[in-house]
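In our numbering, the protein residues as written are 48 to 322. All C-beta atoms in this analysis are idealised placements derived from N, C-alpha and C, irrespective of residue type, glycine included.
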Amino acid sequence: TISLTPQSATNLVGTYHEVTATLLGINGETIPNLEVDFIITAGPNTGDKGSGISDANGQVMFKYRGDGWPQSGTDTIEAYIDIDSDNINDIEEPADTATKTWEPYNLVLTPATATNPLGTKHNMTATLTDNNGAPVNGKRVRAYVQSGPNLNTGTSAKTQNGEAVRSYKGKGGPGTDRIRAWADIDGDNIRDNFEPSSAPVYKTWEPHVLSLSPQSATNTLGSDHSVEATLLNSIGDAVKKVKVYFNVSAGPNTGDAFNKKTDKKGLVSFTYTGD
(Lines of atoms letter the chains of each structure in order from A and count residues from 1; the text may use other names and numbers.)
(Lines give C-alpha, C1' and ligand atoms only; values in the text may rest on other atoms or scores of the structure.)
Protein backbone atom coordinates (compact mmCIF):
# COMPACT_ATOMS: atom_id res chain seq x y z
CA THR A 1 0.00 0.00 0.00
CA ILE A 2 0.94 3.64 -0.42
CA SER A 3 -0.43 6.46 1.74
CA LEU A 4 0.00 10.23 1.53
CA THR A 5 0.26 12.65 4.45
CA PRO A 6 -1.04 15.17 5.12
CA GLN A 7 -4.31 14.26 3.46
CA SER A 8 -5.28 17.92 3.24
CA ALA A 9 -3.71 21.30 3.96
CA THR A 10 -4.23 25.02 3.31
CA ASN A 11 -1.53 27.58 2.55
CA LEU A 12 -1.07 30.96 0.92
CA VAL A 13 -0.26 30.95 -2.79
CA GLY A 14 3.42 31.14 -3.63
CA THR A 15 4.56 29.12 -0.63
CA TYR A 16 5.76 25.50 -0.69
CA HIS A 17 3.86 22.37 0.21
CA GLU A 18 5.35 18.97 1.02
CA VAL A 19 3.67 15.58 1.12
CA THR A 20 5.13 12.28 2.25
CA ALA A 21 4.31 8.93 0.66
CA THR A 22 4.74 5.87 2.91
CA LEU A 23 5.07 2.39 1.38
CA LEU A 24 4.03 -0.66 3.38
CA GLY A 25 4.13 -4.35 2.52
CA ILE A 26 1.41 -6.92 3.01
CA ASN A 27 2.41 -7.45 6.64
CA GLY A 28 2.84 -3.77 7.40
CA GLU A 29 6.59 -3.72 6.86
CA THR A 30 8.21 -0.63 5.29
CA ILE A 31 9.34 -0.94 1.68
CA PRO A 32 12.66 0.78 0.82
CA ASN A 33 14.30 1.38 -2.58
CA LEU A 34 11.10 1.63 -4.59
CA GLU A 35 10.34 4.51 -6.92
CA VAL A 36 7.21 6.61 -6.33
CA ASP A 37 5.78 9.02 -8.90
CA PHE A 38 3.84 12.14 -7.95
CA ILE A 39 1.58 14.20 -10.17
CA ILE A 40 -0.95 16.97 -9.59
CA THR A 41 -4.02 15.93 -11.54
CA ALA A 42 -6.35 18.86 -10.81
CA GLY A 43 -6.18 22.41 -9.49
CA PRO A 44 -4.13 25.53 -10.24
CA ASN A 45 -0.87 23.57 -10.31
CA THR A 46 -2.09 20.77 -12.58
CA GLY A 47 0.77 19.00 -14.32
CA ASP A 48 3.44 19.56 -11.68
CA LYS A 49 5.18 16.26 -11.06
CA GLY A 50 8.10 14.59 -9.35
CA SER A 51 9.46 11.24 -8.23
CA GLY A 52 11.74 9.69 -5.66
CA ILE A 53 13.07 6.46 -4.15
CA SER A 54 11.71 5.32 -0.80
CA ASP A 55 14.18 5.44 2.11
CA ALA A 56 14.75 2.91 4.87
CA ASN A 57 11.46 3.97 6.44
CA GLY A 58 9.61 3.37 3.18
CA GLN A 59 9.04 7.10 2.71
CA VAL A 60 9.37 9.49 -0.22
CA MET A 61 8.79 13.25 -0.03
CA PHE A 62 7.43 15.52 -2.76
CA LYS A 63 7.68 19.28 -2.46
CA TYR A 64 6.26 21.86 -4.83
CA ARG A 65 5.32 25.51 -4.95
CA GLY A 66 1.80 26.87 -5.27
CA ASP A 67 2.58 29.22 -8.13
CA GLY A 68 0.05 28.14 -10.74
CA TRP A 69 -2.84 30.03 -12.26
CA PRO A 70 -5.40 31.01 -11.15
CA GLN A 71 -3.91 32.17 -7.87
CA SER A 72 -6.18 30.17 -5.64
CA GLY A 73 -7.91 26.79 -5.71
CA THR A 74 -7.45 23.19 -4.63
CA ASP A 75 -4.87 20.79 -6.05
CA THR A 76 -5.34 17.03 -6.16
CA ILE A 77 -1.99 15.35 -5.54
CA GLU A 78 -1.59 11.76 -6.65
CA ALA A 79 1.21 9.35 -5.68
CA TYR A 80 1.57 5.93 -7.27
CA ILE A 81 3.99 3.09 -7.95
CA ASP A 82 4.45 2.72 -11.70
CA ILE A 83 4.90 -1.04 -11.76
CA ASP A 84 4.87 -1.38 -15.56
CA SER A 85 6.92 1.84 -16.12
CA ASP A 86 4.45 3.29 -18.62
CA ASN A 87 4.18 6.67 -16.81
CA ILE A 88 0.47 6.05 -16.29
CA ASN A 89 -1.26 5.32 -13.02
CA ASP A 90 -3.02 2.11 -13.97
CA ILE A 91 -5.96 0.90 -11.92
CA GLU A 92 -4.04 -2.08 -10.54
CA GLU A 93 -1.08 0.03 -9.36
CA PRO A 94 -0.94 1.16 -5.70
CA ALA A 95 -1.89 4.83 -5.35
CA ASP A 96 -3.20 7.46 -2.96
CA THR A 97 -4.38 11.05 -3.27
CA ALA A 98 -4.33 14.16 -1.10
CA THR A 99 -5.57 17.71 -1.53
CA LYS A 100 -3.94 21.08 -1.10
CA THR A 101 -5.90 24.34 -0.98
CA TRP A 102 -4.15 27.57 -1.97
CA GLU A 103 -5.58 30.81 -0.60
CA PRO A 104 -4.86 34.18 -2.22
CA TYR A 105 -3.36 37.32 -0.76
CA ASN A 106 -5.41 40.51 -0.83
CA LEU A 107 -3.82 43.81 -1.87
CA VAL A 108 -5.61 47.13 -1.63
CA LEU A 109 -4.16 50.48 -2.72
CA THR A 110 -5.57 53.71 -1.27
CA PRO A 111 -6.75 56.37 -1.81
CA ALA A 112 -8.91 55.31 -4.74
CA THR A 113 -8.90 58.86 -6.12
CA ALA A 114 -7.08 62.06 -5.23
CA THR A 115 -6.38 65.51 -6.67
CA ASN A 116 -3.27 67.54 -5.96
CA PRO A 117 -1.42 70.52 -7.37
CA LEU A 118 1.19 69.75 -10.00
CA GLY A 119 4.67 69.18 -8.60
CA THR A 120 3.59 68.06 -5.13
CA LYS A 121 3.90 64.58 -3.66
CA HIS A 122 1.19 61.95 -3.74
CA ASN A 123 1.12 59.50 -0.82
CA MET A 124 -0.34 56.02 -1.18
CA THR A 125 -0.84 53.12 1.23
CA ALA A 126 -0.86 49.50 0.10
CA THR A 127 -2.41 47.01 2.53
CA LEU A 128 -1.45 43.34 2.14
CA THR A 129 -3.43 40.67 4.01
CA ASP A 130 -3.95 36.94 3.83
CA ASN A 131 -7.28 35.33 3.04
CA ASN A 132 -8.33 35.66 6.69
CA GLY A 133 -7.57 39.37 6.81
CA ALA A 134 -4.36 39.03 8.84
CA PRO A 135 -1.57 41.47 7.88
CA VAL A 136 1.35 40.09 5.87
CA ASN A 137 4.69 41.64 6.79
CA GLY A 138 8.08 41.96 5.12
CA LYS A 139 6.85 41.76 1.52
CA ARG A 140 7.86 44.40 -1.01
CA VAL A 141 4.94 46.10 -2.71
CA ARG A 142 5.66 47.85 -6.00
CA ALA A 143 3.44 50.61 -7.36
CA TYR A 144 3.67 51.93 -10.91
CA VAL A 145 1.88 54.43 -13.12
CA GLN A 146 0.19 52.57 -15.98
CA SER A 147 -0.92 55.66 -17.88
CA GLY A 148 -1.00 59.41 -17.48
CA PRO A 149 1.54 62.24 -17.37
CA ASN A 150 3.84 60.30 -15.04
CA LEU A 151 3.78 57.06 -17.09
CA ASN A 152 6.24 54.38 -15.88
CA THR A 153 6.97 56.17 -12.62
CA GLY A 154 7.48 53.50 -9.96
CA THR A 155 8.03 53.25 -6.24
CA SER A 156 8.23 50.44 -3.69
CA ALA A 157 8.35 49.68 0.04
CA LYS A 158 8.15 46.66 2.33
CA THR A 159 5.06 45.99 4.41
CA GLN A 160 5.05 46.65 8.14
CA ASN A 161 1.92 45.66 10.02
CA GLY A 162 0.60 44.75 6.59
CA GLU A 163 1.05 48.26 5.18
CA ALA A 164 3.54 49.75 2.76
CA VAL A 165 3.54 53.54 2.39
CA ARG A 166 5.01 55.16 -0.70
CA SER A 167 4.88 58.45 -2.59
CA TYR A 168 5.91 60.01 -5.87
CA LYS A 169 6.07 63.53 -7.24
CA GLY A 170 3.74 64.72 -9.97
CA LYS A 171 6.30 66.36 -12.22
CA GLY A 172 5.15 64.98 -15.57
CA GLY A 173 2.56 67.67 -16.26
CA PRO A 174 -1.16 68.08 -15.62
CA GLY A 175 -3.57 65.20 -16.13
CA THR A 176 -4.65 61.95 -14.44
CA ASP A 177 -2.39 59.01 -13.59
CA ARG A 178 -3.72 55.44 -13.44
CA ILE A 179 -1.78 53.56 -10.75
CA ARG A 180 -1.64 49.89 -9.77
CA ALA A 181 0.40 47.97 -7.23
CA TRP A 182 1.57 44.36 -6.90
CA ALA A 183 3.22 42.44 -4.09
CA ASP A 184 6.55 40.76 -4.86
CA ILE A 185 5.88 37.75 -2.65
CA ASP A 186 9.02 35.80 -3.60
CA GLY A 187 11.27 38.87 -3.81
CA ASP A 188 12.59 38.13 -7.31
CA ASN A 189 11.63 41.53 -8.80
CA ILE A 190 9.41 39.74 -11.34
CA ARG A 191 5.63 39.80 -11.25
CA ASP A 192 4.55 36.16 -11.13
CA ASN A 193 1.08 34.77 -11.79
CA PHE A 194 0.43 33.99 -8.15
CA GLU A 195 1.41 37.43 -6.86
CA PRO A 196 -1.52 39.73 -6.04
CA SER A 197 -2.20 43.06 -7.66
CA SER A 198 -4.46 45.89 -6.60
CA ALA A 199 -7.35 47.47 -8.41
CA PRO A 200 -6.29 50.66 -10.21
CA VAL A 201 -6.43 54.00 -8.43
CA TYR A 202 -6.40 57.47 -9.98
CA LYS A 203 -4.43 60.62 -9.25
CA THR A 204 -5.26 63.93 -10.91
CA TRP A 205 -2.61 66.64 -11.13
CA GLU A 206 -3.94 70.17 -11.50
CA PRO A 207 -1.87 72.73 -13.45
CA HIS A 208 -0.19 75.85 -12.12
CA VAL A 209 -1.73 79.25 -12.78
CA LEU A 210 0.50 81.96 -14.28
CA SER A 211 -0.69 85.56 -14.36
CA LEU A 212 0.88 88.82 -15.60
CA SER A 213 0.32 92.33 -14.30
CA PRO A 214 -0.35 94.94 -15.32
CA GLN A 215 -2.52 93.55 -18.08
CA SER A 216 -2.06 96.76 -20.08
CA ALA A 217 -0.11 100.00 -19.81
CA THR A 218 0.91 103.10 -21.80
CA ASN A 219 4.39 104.61 -21.57
CA THR A 220 6.51 107.22 -23.32
CA LEU A 221 8.67 105.87 -26.14
CA GLY A 222 12.16 105.02 -24.90
CA SER A 223 11.16 104.52 -21.28
CA ASP A 224 11.14 101.23 -19.38
CA HIS A 225 8.15 98.99 -18.82
CA SER A 226 7.95 96.27 -16.16
CA VAL A 227 5.60 93.33 -15.85
CA GLU A 228 5.38 90.93 -12.94
CA ALA A 229 4.51 87.25 -13.27
CA THR A 230 2.87 85.37 -10.41
CA LEU A 231 3.02 81.57 -10.39
CA LEU A 232 0.59 79.77 -8.08
CA ASN A 233 -0.50 76.18 -7.80
CA SER A 234 -4.13 75.12 -8.09
CA ILE A 235 -4.86 75.83 -4.43
CA GLY A 236 -3.22 79.27 -4.45
CA ASP A 237 0.16 78.48 -2.93
CA ALA A 238 3.26 80.15 -4.37
CA VAL A 239 5.42 78.02 -6.65
CA LYS A 240 9.06 78.94 -6.11
CA LYS A 241 12.27 78.24 -8.02
CA VAL A 242 10.51 77.61 -11.33
CA LYS A 243 11.86 79.35 -14.44
CA VAL A 244 9.44 81.73 -16.18
CA TYR A 245 10.11 82.85 -19.75
CA PHE A 246 9.08 86.28 -21.02
CA ASN A 247 8.90 87.16 -24.71
CA VAL A 248 7.57 90.17 -26.57
CA SER A 249 5.71 88.34 -29.31
CA ALA A 250 4.23 91.25 -31.28
CA GLY A 251 4.71 94.98 -31.65
CA PRO A 252 7.67 97.35 -32.15
CA ASN A 253 9.79 95.52 -29.57
CA THR A 254 9.14 92.01 -30.87
CA GLY A 255 11.87 89.59 -29.86
CA ASP A 256 12.83 91.11 -26.52
CA ALA A 257 13.08 88.19 -24.08
CA PHE A 258 14.09 87.28 -20.54
CA ASN A 259 13.87 84.37 -18.13
CA LYS A 260 14.31 83.96 -14.40
CA LYS A 261 13.20 81.68 -11.60
CA THR A 262 10.37 82.65 -9.28
CA ASP A 263 11.16 83.79 -5.75
CA LYS A 264 9.70 82.31 -2.56
CA LYS A 265 6.47 84.20 -3.19
CA GLY A 266 6.15 82.81 -6.70
CA LEU A 267 7.01 86.19 -8.25
CA VAL A 268 9.39 87.23 -11.02
CA SER A 269 9.54 90.49 -12.99
CA PHE A 270 10.67 91.49 -16.48
CA THR A 271 11.71 95.00 -17.48
CA TYR A 272 12.46 96.15 -21.02
CA THR A 273 12.95 99.44 -22.83
CA GLY A 274 10.47 100.59 -25.49
CA ASP A 275 13.18 101.37 -28.05
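The Cβ-Cβ distance between lysine 186 and threonine 206 falls below 8 Å. Under the 8 Å Cβ criterion, the stretch 229–241 does not count as touching the stretch 272–289, having fewer than three qualifying pairs. Counting the other CB atoms within 10 Å of its CB gives glutamine 118 a total of 16 or more, which places it among the buried residues. Residues of the same chain with a CB within less than 6 Å of the CB of threonine 157, apart from the 5 flanking positions on each side, are Thr172 in chain order.
Put simply, of Gly217, Ala181, Ile86 and Pro254 the residue whose alpha carbon is nearest the alpha carbon of leucine 59 is Ala181. According to DSSP, phenylalanine 293 shares a beta bridge with Phe305.
Here valine 107 is not near tyrosine 152, since their CB atoms are 8 Å or more apart. Within the same chain, Thr172 and Thr174 come within 6 Å of glutamate 210 by CB-CB distance, once the 5 residues on both sides are set aside. Secondary-structure assignment with DSSP links proline 182 through a beta bridge to Thr176. Under DSSP, phenylalanine 241 shares a beta bridge with no residue. Taking valine 295 as reference, the option from His272, His169 and Thr309 with the minimal CA-CA separation is His272. In this structure, the CA atom of valine 188 is about 10 Å from the CA atom of glutamate 242.
Excluding the 5 residues flanking it on each side, tyrosine 292 has same chain C-beta neighbours closer than 6 Å at Asn306, in chain order. Under the Cβ criterion (8 Å, minimum of three pairs), the stretch 76–94 does not count as touching the stretch 161–171. Under the three-state reduction of DSSP output, tryptophan 252 falls in the strand class. Straight-line spacing of the CA atoms in glycine 222 and glutamine 262 works out to 28 Å. The residue from Leu154, Pro91, Thr309 and Leu70 with its alpha-carbon nearest to that of glycine 105 is Leu70.
Taking a cut-off of 8 Å on C-beta distances, the stretch 246–253 touches the stretch 224–232, as three or more cross pairs fall below it. When the beta-carbon positions are compared, isoleucine 124 and isoleucine 49 stay at least 8 Å from each other. Between aspartate 122 and isoleucine 100, the gap from beta carbon to beta carbon reaches 8 Å or more. Assignment of beta-bridge partners to asparagine 58 by DSSP yields Trp149.
The DSSP-derived three-state label of aspartate 114 is coil. Using a Cβ distance threshold of 8 Å, asparagine 163 and glycine 217 count as a contacting pair. For serine 50, the pairing in a beta bridge is given by DSSP as Thr69. When the Cα atoms are used, threonine 267 and threonine 160 turn out to be separated by approximately 54 Å. For alanine 190, the enclosing beta strand (DSSP E) has its first and last residue at 187–194. In the same chain as serine 258, and ignoring 5 residues on each side of it, the C-beta atoms closer than 6 Å to its own belong to Thr277, in chain order. For proline 164, the three-state secondary structure derived from DSSP is strand.
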